[in-house]
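Below is one structure; the comments refer to it alone.
In our numbering, the protein residues as written are 3 to 131.
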């Protein structure tokens, strides 16, 4: 039995299938569903879990080379919120792009992890190293 790290079997299955240069989405509560795209829904109640919590759990055991986020995240969130997510992305190249461009990347990802995070534009695409 797994006793530490990620214990959600669907999430572990998804992560184990992401290979070099593949990517996955960590989405906030408002991100639209994508029919045909494998989705692991971790949402419990609004705010649990957050994108930051899921990102930290994944990065503890998964190599990430790049992270894409929407430029709108910077515009719509306070300095403290921005700083926490930027800090969690340390060691990976963080790139901001228009939200429409971000969403155009989604159909090419391996899967989507839905959180219950209410932070606007907290969605991110993680590209494996």
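Glycine included, C-beta positions come from ideal geometry on N, C-alpha and C.
Assuming residue 44 and residue 51 form a contact by the criterion Cβ under 8 Å, report the distance between their Cβ atoms to the nearest whole angstrom.
Confirmed, Cβ separation roughly 6 Å.
Contact set for residue 88: own chain, Cβ-Cβ below 7 Å, skip 5 residues either direction
Residues 96 of the same chain have their beta carbon placed closer than 7 Å to that of residue 88, with the five preceding and five following residues left out of the count.
Mind reading off the beta-carbon distance from residue 102 to residue 28? Whole number of angstroms is fine, and I expect it under 8 Å.
With 8 Å as the limit, residue 102 and residue 28 do not qualify as a contact, their Cβ atoms being about 19 Å apart.
What's the C-alpha gap between residue 49 and residue 63?
Their backbone Cα atoms lie some 23 Å apart in a straight line.
For residue 55, which option in 130, 15, 129, 120 has the closest C-alpha, if you only look at C-alpha atoms?
Comparing Cα positions, the closest option is 120.
Three-state secondary structure (DSSP) of residue 56
If DSSP states are grouped into helix, strand and coil, residue 56 belongs with the helices.
Mind checking who residue 129 pairs with in its DSSP beta bridge?
The partner list for residue 129 (beta bridge, DSSP) reads 25, 68.
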